[in-house]
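A.B. asks: This is the structure I have questions about; it appears just below.
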Amino acid sequence: MAKVIMVQGTTSNAGKSLMVAALCRILKQDGFKTAPFKSQNMALNSYITADGAEMGRAQVMQAEAAGIAPDVRMNPILLKPTSDCGSQVIVNGTVRGTMSARDYYPYKKQLIPDIMDAYDSLAAEYDIIVIEGAGSPAEINLRENDIVNMGLAELVDAPVLLVGDIDRGGVFASLYGTVALLQPEEQRRIKGLMINKFRGDVDILRPGLDMMEEKLHIPFVGVVPYLYLDIDDEDSLSERLYTKQQAALLDITVIRLPRISNFTDFAPLERIPGVSVRYVTRTNELRKPDLVLLPGSKNTMDDLKWMRQNGLEAAVKQYAAAGNPVFGICGGYQMMGLTLSDPEGVEAGGCMEGMGLLPVHTTFCANKTTTQVHGCMETVHGIFPGLSGTEFDGYEIHMGETTYENTAKPLTAITRGTERVMDGAQRGNCYGTYVHGIFDQEVVSKTLIAALMERKGISAADVQAFDTEAYKQQQYDLLADAVRSSLDMDRIYRILNREV
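Sequential numbering of the sequence shown, starting at 464, is according to the numbering used here.
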């Protein structure tokens with residue numbers, strides 16, 4: 464049976480996901496077969512495994528750091544918010560239904576057998592399991608039915624490392640207050656404290672560390688510096704969504720929808736020298752970009768209404784009417800069509816007009832498409848003819864079926880299992896597809912950027928090849944090196960071995 468250690472945080476975005484990834488990488492480097500685990504994740508950034516199961520991107524990132532294939536057992540419960548008070552509930556990669564927060568709270572204890580089956584199965588195959596908590600363990604109003612923090616730690620008898628974010632300020636108060644609000648048996652489970660995102664001289668911090676250890680009788684296992692790394696972020700907490708970048712040679716704008724999902728689709732474009740990717744929420748932020756991207760959404764109809772109300776829809780349509788390129792993925796593609804219909808109330812219910820940029824119609828249905836695909840671009844018109852015939856791999860996650868008008872031209876042909884189908888649409892310089900991860904293919908992203916540069920009169924010869932996989936591995940190694948040098952790894956191994 465695997466050894467286990469758990470990382471909990473004083474708040475959301477304290478750095479739990481990154482610390483789990485770092486530990487997975489360090490333990491892999493040290494020769495241990497290691498897997499991440501998070502019993503319940505709430506995120507709109509999801510991924511489809513090779514067997515068609517849906518899981519959170521954070522555990523995918525951690526699996527990559529551990530050098531193993533993503534497995535839905537690493538995230539048996541995924542909650543995808545559909546509104547401020549409700550979420551789609553996905554158990555072991557399959558949709559169980561949509562529930563309000565009030566209904567889900569008493570229901571979730573029924574999912575403990577699913578959690579334990581997934582955990583025990585992983586623990587039988589790996590040397591070490593590194594568990595990530597969620598939010599804070601000190602949410603005392605939620606403790607009774609907890610299945611993701613101390614409740615899970617108790618179920619699997621996991622020692623805990625508690626991490627606080629010093630960049631937000633008040634880190635000592637948040638660490639002390641978190642421990643103080645726990646039950647005595649839960650306090651005893653915490654075997655080490657960590658501070659994350661520190662900028663400065665650790666010696667200046669030392670008196671505070673000593674005082675905290677004296678008050679809590681829990682040692683610090685490390686102070687991790689603020690890390691400037693390019694690693695997939697956890698859902699809407701990602702800093703990149705709020706960064707107001709200045710335009711580079713090429714200015715690409717993403718509409719930051721209220722329920723934006725899978726924004727990691729655009730990370731490969733950010734990594735190309737001379738390209739800036741900006742996320743905007745208002746018309747005055749749009750300016751004059753070289754490309755507008757419409758991302759996925761967990762509620763396409765409501766997010767289109769939001770664009771309609773704040774003027775972004777009109778601005779994007781005006782931009783497209785001037786012959787400028789607009790590219791939509793998944794929900795963004797659906798928005799670009801002529802109509803959106805929801806007869807079963809999967810989203811907002813009813814019918815509404817789309818943006819009218821593509822000659823397609825979307826009807827939402829209860830059946831969810833979740834599959835990995837291989838595809839090939841059809842003959843591509845407009846400013847991207849160089850994409851014609853290029854191949855790619857990606858995945859689909861959507862609950863709508865899109866049909867074509869007679870005049871519609873598909874953008875790609877994809878293979879789902881053994882079935883070959885047409886996907887996406889194009890008209891003029893407007894393009895849409897259901898395929899997430901399409902820009903991960905070097906040939907696709909490089910060709911797209913080269914075409915935009917040529918349109919702007921910039922030499923496309925400067926577009927550099929980019930090996931996404933090699934780059935990811937480099938970033939994971941840099942993460943591991945920085946965290947290893949900041950932590951007392953001898954003590955962490957003693958915690959793993961139950962020696963402290």
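For every residue, glycine included, the Cβ atom is placed at its ideal position computed from N, Cα and C. All values reported here derive from a predicted model rather than from experimental measurement.
(1) Taking the continuous beta strand (DSSP E) assigned at residue 831, which residues delimit it?
(2) Using the Cα positions of residue 626 and residue 485, report the straight-line distance between them to the nearest angstrom.
(3) Nearest-angstrom Cα distance between residue 576 and residue 819?
(4) If you draw a straight line from the alpha carbon of residue 742 to that of residue 718, how long is it in whole angstroms?
(5) Do you know offhand how far residue 623's Cα is from residue 494's?
(6) Would DSSP call residue 699 helix, strand or coil?
(7) Our contact map puts residue 890 next to residue 655 with C-beta atoms below 8 Å; I'd like the distance itself, whole angstroms only.
(8) Against chain D, with Cβ distances strictly below 8 Å, would residue 468 count as a contact?
(9) Are at least three pairs of beta-carbons, each pair with one atom in the region 723-741 and one in the region 778-789, less than 8 Å apart?
(10) Among the candidates 693, 658, 690 and 689, whose CA atom is the shortest distance from the CA of residue 683?
(11) Indicate whether residue 888 and residue 911 have their beta-carbon atoms separated by less than 8 Å.
(12) Within this structure, are the beta carbons of residue 762 and residue 810 separated by less than 8 Å?
(13) Here's a check: name, in chain order, each residue in its chain whose Cβ is nearer than 6 Å to the Cβ of residue 814, leaving out the five neighbours to either side.
(14) What residues are listed by DSSP as bridge partners for residue 491?
(15) Could you round the C-beta distance between residue 647 and residue 471 to whole angstroms and report it? I think they count as a contact, below 8 Å.
(16) In terms of residue numbering, what span does the beta strand (DSSP E) encompassing residue 947 cover?
(17) Return the residue from the list 750, 775, 865 and 733 that minimises the CA-CA distance to residue 721.
(18) Measuring only from the beta carbon, is residue 894 closer than 7 Å to any heavy atom that is part of the ligand MN?
(19) Write down every uninterrupted run of the alpha helix (DSSP H) in the region 551-624 whose length is 4 residues or greater and which is fully enclosed by it, in chain order.
(20) Can you tell which of 938, 901 and 515 has its C-alpha closest to the C-alpha of residue 727?
(21) Just how far apart, CA to CA, sit residue 603 and residue 614?
(22) Measure the alpha-carbon distance for residue 487 versus residue 855 and round it to whole angstroms.
(23) Following the continuous beta strand (DSSP E) through residue 500, name the residue where it begins and the one where it ends.
C.D. replies: Concretely, from the data shown:
(1) Start and end: 823-840.
(2) Taken atom to atom, the span from the alpha-carbon of residue 626 to that of residue 485 is near 13 Å.
(3) When rounded, the distance between both Cα atoms is 47 Å.
(4) In this structure, the alpha-carbon of residue 742 lies about 6 Å from that of residue 718.
(5) In this structure, the CA atom of residue 623 is about 22 Å from the CA atom of residue 494.
(6) Since pLDDT at residue 699 reaches only 43, below the 50 mark, its modelled position is unreliable, and no value is offered.
(7) Actually they do not touch by this definition, with Cβ atoms about 57 Å apart.
(8) No chain D is present in this structure, which holds just one protein chain.
(9) Verdict: no, contact absent.
(10) Of the candidates 693, 658, 690 and 689, the one whose C-alpha sits nearest the C-alpha of residue 683 is 658.
(11) The answer is no: Cβ separation not under 8 Å.
(12) Taking the C-beta atoms as reference points, residue 810 is found nearer than 8 Å to residue 762.
(13) For residue 814, where only same-chain residues beyond five positions count, the Cβ hits under 6 Å are 804.
(14) Paired residues: none, contrary to the question.
(15) At roughly 17 Å, the Cβ-Cβ gap does not stay under 8 Å, so residue 647 and residue 471 are not in contact.
(16) For residue 947, there is no enclosing beta strand (DSSP E); the enclosing alpha helix (DSSP H) covers residues 931-949.
(17) The option with the nearest alpha carbon to residue 721 is 775.
(18) No copy of the ligand MN appears in this structure; indeed no ligand is present at all.
(19) As far as the region 551-624 is concerned, its whole alpha helix (DSSP H) runs of at least 4 residues are 564-570, 575-586 and 613-619.
(20) Looking from the CA of residue 727, the closest CA among 938, 901 and 515 belongs to 901.
(21) Residue 603 and residue 614: Cα-Cα distance of roughly 12 Å.
(22) Those two C-alpha atoms are separated by around 29 Å.
(23) Looking at the DSSP string, the run of the beta strand (DSSP E) that includes residue 500 is 497-500.
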